[in-house]
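A.B. asks: For reference, the structure I am asking about is given below.
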Amino acid sequence: MSLSERERIRIADLASAKQRGERFAMLTAYEQYAAQIFDEAGIDVLLVGDSAANNVYGHDNSLPVTLDELLPLSRAVVKSVRRPLVVVDLPFGSYEASPAMAVQSSVRVLKEGLAHAVKIEGGAYYADHVHAVVNAGIPVMAHIGFTPQSEHVLSGYRVQGRGEDATRLIEDAKALEEGGAFCVLMEMVPAETAAAVDAAVKVPTIGIGAGPSTTGQVLVWQDMAGLRGGQGQHVAKFVKQYADLRNELLNAARLFGEDVRKGTFPSAEQSF
Numbered sequence: 014m015s016l017s018e019r020e021r022i023r024i025a026d027l028a029s030a031k032q033r034g035e036r037f038a039m040l041t042a043y044e045q046y047a048a049q050i051f052d053e054a055g056i057d058v059l060l061v062g063d064s065a066a067n068n069v070y071g072h073d074n075s076l077p078v079t080l081d082e083l084l085p086l087s088r089a090v091v092k093s094v095r096r097p098l099v100v101v102d103l104p105f106g107s108y109e110a111s112p113a114m115a116v117q118s119s120v121r122v123l124k125e126g127l128a129h130a131v132k133i134e135g136g137a138y139y140a141d142h143v144h145a146v147v148n149a150g151i152p153v154m155a156h157i158g159f160t161p162q163s164e165h166v167l168s169g170y171r172v173q174g175r176g177e178d179a180t181r182l183i184e185d186a187k188a189l190e191e192g193g194a195f196c197v198l199m200e201m202v203p204a205e206t207a208a209a210v211d212a213a214v215k216v217p218t219i220g221i222g223a224g225p226s227t228t229g230q231v232l233v234w235q236d237m238a239g240l241r242g243g244q245g246q247h248v249a250k251f252v253k254q255y256a257d258l259r260n261e262l263l264n265a266a267r268l269f270g271e272d273v274r275k276g277t278f279p280s281a282e283q284s285f
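Take the sequence shown: its letter number 19 is residue 32 in this note's numbering, and every next letter is one higher.
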């Protein structure tokens, strides 16, 4: 049975998709209306990402957002959808210190956030963290390549896995798979490296700026729909904008403001 025929997406469905050579789509979601729309559109996986930091809370990067801030967003998304698998990021500072810390935070994501799985950033070093979380009964999606929570160590937003560094990413993916990760997400990785990683692991892979060879693809929904990109906002090279919601919303707000100032809203039609 193909993914499109599934009434509810489970981890095993994603694994089967890779075996069949079937692709799946993933978007971020942070509140009910976008989540409902993406569910209706047939998006397979929703990510309540720590990218909420700079797409909801107004920060410049993902570092300031806390687990307490992500949990209500997760609840809103999960309660608004029926079909997608919902994954939540463990934000910076909620898992790094120890596998036990990762388990504690992950338990909160499932109990309080109602989510189905967590995502953990980092390479082979975090294989023990992944193993501990999976042993606690919580599915883990791994995230390698450019890991935004480590942007200061990585000297900013830089492509990872070029040249000889590709070997490191392959070894990271294999170690995380061995630790129990059900999927490996790669961000800002050369297409050739991403293809090599995908071939090296049995679990499905997801790309964001990682070429076309991964099992799934993910984008931040505000990037995908053209809501971001105003003055001073950079849109990454790997983003394809499928709509121009920013200008649509801008024009709607302008028309509303004009009607209010002219006294044409509300009219008799909108009055009791």
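Virtual Cβ for every residue (Gly too), placed ideally from N, Cα, C.
Computed from a prediction, not measured in an experiment: that's the story for all the values here.
Starting from the N-terminal side, write out each stretch of the beta strand (DSSP E) that is 3 residues or longer and does not extend beyond the region 129-185.
C.D. replies: 130-134, 153-158
A.B. asks: Helix, strand or coil for residue 50, going by three-state DSSP, please let me know.
C.D. replies: Walking along the sequence shown from the start, residue 50 turns up at place 37. If DSSP states are grouped into helix, strand and coil, residue 50 belongs with the helices.
A.B. asks: Which residues mark the beginning and the end of the beta strand (DSSP E) in which residue 230 is found?
C.D. replies: Translated into positions along the sequence shown, residue 230 becomes position 217. From DSSP, the beta strand (DSSP E) with residue 230 extends over 229-232.
A.B. asks: Residues in the same chain with beta-carbon distance under 6 angstroms from residue 103, minus the five sequence neighbours each way, listed in chain order, please.
C.D. replies: Along the sequence shown, one-based indexing puts residue 103 at 90. 118, 131, 133, listed in sequence order.
A.B. asks: I'd like the list of long-range same chain contacts for residue 79, defined as Cβ closer than 7 angstroms, with 5 residues on each side in sequence excluded.
C.D. replies: On the sequence shown, residue 79 is found 66 positions in, with the first residue counted as 1. 104, listed in sequence order.
A.B. asks: From 159, 164, 139, pick the residue whose C-alpha is nearest to that of residue 175; which is it?
C.D. replies: Here residue 175 is taken as the residue at index 162 of the sequence shown, counted from 1. Closest option to residue 175, Cα to Cα, is 159.
A.B. asks: Does residue 272 pass the burial test, meaning 16 or more other C-beta atoms within 10 Å, or should it be called exposed?
C.D. replies: Within the sequence shown, the letter at position 259 stands for residue 272. It is exposed - the Cβ of residue 272 has fewer than 16 other Cβ atoms within 10 Å.
A.B. asks: In this structure, does DSSP put residue 277 in helix, strand or coil?
C.D. replies: Walking along the sequence shown from the start, residue 277 turns up at place 264. Residue state, collapsed to three classes: coil.
A.B. asks: Got a sec? Which residues, its chain only, sit under 8 angstroms from residue 221 by beta carbon, not counting five neighbours each side?
C.D. replies: Along the sequence shown, read from residue 1 onward, the residue named residue 221 stands at position 208. Shown here for residue 221: same chain residues with a beta carbon closer than 8 angstroms to its own, the five before and five after excluded, namely 198, 199, 200, 201, 230, 231, 232, 251 in chain order.
A.B. asks: Quick one: grab the DSSP three-state call for residue 201.
C.D. replies: Numbered from its first residue, the sequence shown carries residue 201 at position 188. Looking at residue 201 - three-state DSSP - the assignment turns out to be coil, as it is neither helix nor strand.
A.B. asks: Using three-state DSSP, classify residue 206 as helix, strand or coil.
C.D. replies: By 1-based counting over the sequence shown, the position of residue 206 is 193. Residue state, collapsed to three classes: helix.
A.B. asks: Let me confirm a value: residue 32 is counted as buried when at least 16 other C-beta atoms fall within 10 Å, else exposed. Which label applies?
C.D. replies: Within the sequence shown, the letter at position 19 stands for residue 32. It counts as exposed.
A.B. asks: Is DSSP giving residue 39 helix, strand or coil here?
C.D. replies: In the sequence shown, counting from the first residue as 1, residue 39 sits at position 26. Residue state, collapsed to three classes: strand.
A.B. asks: Among 72, 127, 55, whose alpha-carbon lies nearest the alpha-carbon of residue 63?
C.D. replies: Locating residue 63 in the sequence shown gives position 50, where the first residue counts as 1. Nearest option by C-alpha distance: 72.
A.B. asks: So is residue 225 buried or exposed if we call it buried at 16+ other beta carbons inside 10 Å?
C.D. replies: Position 212 of the sequence shown, counted from the start, is the residue given in the question as residue 225. Burial call: exposed.
A.B. asks: Which of the three DSSP states is assigned to residue 94 in this structure?
C.D. replies: Sequence index remark: in the sequence shown, residue 94 carries index 81 (1-based). The answer is coil: DSSP assigns residue 94 none of H, G, I, E or B.
A.B. asks: Please classify residue 192: does DSSP put it in a helix, a strand, or coil?
C.D. replies: As a working note, residue 192 is residue 179 in the sequence shown. Here residue 192 sits in helix by DSSP.
A.B. asks: Mind checking residue 166: buried by the 16 CB within 10 Å criterion, or exposed?
C.D. replies: Start at 1 with the first residue of the sequence shown, and residue 166 comes out as number 153. It is exposed - the Cβ of residue 166 has fewer than 16 other Cβ atoms within 10 Å.
A.B. asks: Where does residue 270 fall in DSSP's three states?
C.D. replies: Counting from one through the sequence shown, the residue named residue 270 turns up at place 257. Note: residue 270 maps to helix in three-state DSSP.
A.B. asks: Output the distance between the C-alpha atoms of residue 285 and residue 265, rounded to the nearest integer angstrom.
C.D. replies: As a position in the sequence shown, residue 285 is number 272, starting the count at 1. As a position in the sequence shown, residue 265 is number 252, starting the count at 1. Approximately 24 angstroms between the Cα atoms of the pair.
A.B. asks: Give the C-beta separation of residue 194 and residue 143 to the nearest angstrom, bearing in mind that I take them to be a contact with Cβ-Cβ under 8 angstroms.
C.D. replies: Here residue 194 corresponds to residue number 181 of the sequence shown, with the count starting at 1. Here residue 143 corresponds to residue number 130 of the sequence shown, with the count starting at 1. About 5 angstroms separates the two Cβ atoms, so the contact holds.
A.B. asks: Suppose contacts are defined by Cβ-Cβ distances below 8 angstroms. Is residue 163 in contact with residue 127 by that definition?
C.D. replies: The sequence position of residue 163 within the sequence shown is 150, counting from 1. The sequence position of residue 127 within the sequence shown is 114, counting from 1. No, the Cβ-Cβ distance between residue 163 and residue 127 is not below 8 angstroms.
A.B. asks: Please list the terminal residues of the continuous beta strand (DSSP E) segment that includes residue 60.
C.D. replies: Here residue 60 refers to the residue found at position 47 when the sequence shown is read from its first residue. Annotation for residue 60: the continuous beta strand (DSSP E) segment containing it runs 58-61.
A.B. asks: What are the boundary residues of the beta strand (DSSP E) that includes residue 288?
C.D. replies: Residue 288 is absent from the structure shown; the chain starts at 14 and stops at 285.
A.B. asks: When the Cα atoms are used, what is the spatial distance from residue 310 to residue 145?
C.D. replies: Beyond the ends of the chain as shown, which are 14 and 285, falls residue 310; an answer cannot be given.
A.B. asks: Could you name the residues that DSSP lists as bridge partners for residue 100?
C.D. replies: Locating residue 100 in the sequence shown gives position 87, counting from the first residue. According to DSSP, residue 100 bridges with 60, 130.
A.B. asks: Alpha carbon to alpha carbon, how far is residue 140 from residue 149? Give it in angstroms, no decimals.
C.D. replies: Residue 149 sits at position 136 when you count from the first residue of the sequence shown. Residue 140 sits at position 127 when you count from the first residue of the sequence shown. Straight-line Cα distance between these residues: approximately 14 angstroms.
A.B. asks: Residues in its own chain within less than 8 angstroms of residue 56 by CB, not counting five upstream and five downstream?
C.D. replies: The residue given as residue 56 occupies position 43 in the sequence shown. Result list for residue 56: 38, 39, 40, 97, in chain order.
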